[in-house]
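Chains as they are written, first to last, in my numbering: chain E, 35 to 145; chain V, 11 to 124. Each residue gets a CB set at the ideal place from its N, CA and C atoms; glycine is no exception. Just so it is clear, the structure is predicted and the values come from calculations on it, not from any experiment. Some notes on the structure that comes next.
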Amino acid sequence: QQPVQSPQAVILREGEDAVINCSSSKALYSVHWYRQKHGEAPVFLMILLKGGEQKGHEKISASFNEKKQQSSLYLTASQLSYSGTYFCGTELRGGSEKLVFGKGTKLTVNP
Amino acid sequence: GAGVSQSPSNKVTEKGKDVELRCDPISGHTALYWYRQSLGQGLEFLIYFQGNSAPDKSGLPSDRFSAERTGGSVSTLTIQRTQQEDSAVYLCASRPLGASSPLHFGNGTRLTVT
Numbered sequence: 035q036q037p038v039q040s041p042q043a044v045i046l047r048e049g050e051d052a053v054i055n056c057s058s059s060k061a062l063y064s065v066h067w068y069r070q071k072h073g074e075a076p077v078f079l080m081i082l083l084k085g086g087e088q089k090g091h092e093k094i095s096a097s098f099n100e101k102k103q104q105s106s107l108y109l110t111a112s113q114l115s116y117s118g119t120y121f122c123g124t125e126l127r128g129g130s131e132k133l134v135f136g137k138g139t140k141l142t143v144n145p
Numbered sequence: 011g012a013g014v015s016q017s018p019s020n021k022v023t024e025k026g027k028d029v030e031l032r033c034d035p036i037s038g039h040t041a042l043y044w045y046r047q048s049l050g051q052g053l054e055f056l057i058y059f060q061g062n063s064a065p066d067k068s069g070l071p072s073d074r075f076s077a078e079r080t081g082g083s084v085s086t087l088t089i090q091r092t093q094q095e096d097s098a099v100y101l102c103a104s105r106p107l108g109a110s111s112p113l114h115f116g117n118g119t120r121l122t123v124t
């Protein structure tokens, strides 16, 4: 059930954009996105529930393509504070609340 | 309000000893999750509870691992006969009932088995 994230790591300069992808081999009910900074707990960014749904959080937004069982996280005009590891978590269709995370994408934003 | 509380924050134990890790979820949160994060790795699902029941225990690595939740609140993760490969950060998270509810994570327990 574990979703697949890509890329594994991204290095950006401040102000550049990035896209992180999350895909599943099974039909999805929801996709969660979290960011974890070194030595800290993961922090919630957003949840997507419906196919085609897009949500935004400042300059961070995400989309959910239900048919393709994929979600993408978009980081625009990146800031130093965006550095961290981004995890997508997925719940499968069928009513279970089991939430399984991908292996993460490490994002480094340099000045 | 208070967040998810985990104790101890750090635990060093000798190989072969048993350990108990505790999680106090946010009051009113019905679902509770345990994850394991090895150094530099992802969030490995262990188990989740809905109320006091554990619908899915499939992530527990071996029969040395067990977990329980009482009163729909506090949860304990027990590891028996610890091994060095059990060394990791154990994260607990809770969330209220509802499909659109996010997980709230505790700060974790860092377990070191020597």
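query: Runs of 3 residues minimum, wholly inside the stretch 62–89 of chain V: which ones carry the beta strand (DSSP E) assignment?; result: 63–66, 75–79, 85–89
query: Quick check on DSSP: helix, strand or coil for V:D96?; result: helix
query: Among V:C33, V:A77, V:G52, V:I89, which one has its Cα closest to the Cα of V:G116?; result: V:C33
query: Assuming V:T124 contacts V:E24 (C-beta within less than 8 Å), just tell me the rounded distance between them.; result: 6 Å
query: Within 10 angstroms of the Cβ of E:H72, are there 16 or more other Cβ atoms? Answer buried if so, exposed if not.; result: exposed
query: Would you say V:A64 reaches chain E, if we count a Cβ-Cβ gap shorter than 8 Å as a contact?; result: no
query: If the cut is a Cβ gap below 8 Å, which residues of chain V does E:S130 touch?; result: P65, D66
query: Report yes or no: do three or more beta-carbon pairs, one from the stretch 63–82 of chain E and one from the stretch 103–118 of chain E, lie closer than 8 Å?; result: yes
query: Let me confirm a value: E:E125 is counted as buried when at least 16 other C-beta atoms fall within 10 Å, else exposed. Which label applies?; result: buried
query: When you compare the stretch 53–62 of chain E with the stretch 100–107 of chain E, are there three or more beta-carbon pairs, one atom per stretch, that lie closer than 8 Å?; result: yes
query: I'd like to know if V:A98 contacts chain C, where contact means its C-beta is closer than 8 Å to some C-beta of that chain.; result: No chain C appears in the structure shown, which is made up of the protein chains E and V.
query: Quick one: give me the first and last residue of the beta strand (DSSP E) that E:K140 is part of.; result: 139–144
query: Identify, in the order they occur along the chain, each residue of the same chain with its Cβ nearer than 6 Å to the Cβ of V:A64, setting aside the five sequence neighbours on each side.; result: I57
query: Quick check: what's the CA-CA separation for E:R47 versus E:S95?; result: 19 Å
query: What does DSSP give as the partner residues of V:K21 in its beta bridges?; result: V:L121
query: Can you give me the Cβ contacts of V:V29 inside the same chain, cut-off strictly under 8 Å, excluding the 5 residues immediately before and after it?; result: K21, T23, T88, I89, T92, L121
query: Could you list which residues in chain E have their beta carbon closer than 9 Å to that of V:F75, in chain order?; result: Those within 9 Å of V:F75 in chain E number zero; the least Cβ separation is about 17 Å.
query: Please report the distance separating the alpha-carbon of V:P35 from that of V:A103.; result: 7 Å
query: Output needed in chain order: residues of the stretch 20–47 of chain V with a Cβ under 8 Å from some Cβ in chain E.; result: A41, Y43, Y45
query: Go ahead and pull the three-state DSSP assignment for V:L101.; result: strand
query: Could you check whether E:F121 and E:F98 sit closer than 8 Å to each other, using their CB atoms as the reference points?; result: no
query: I'd like to confirm the pairing. Which residues does DSSP put opposite V:I57 in its beta bridges?; result: V:W44
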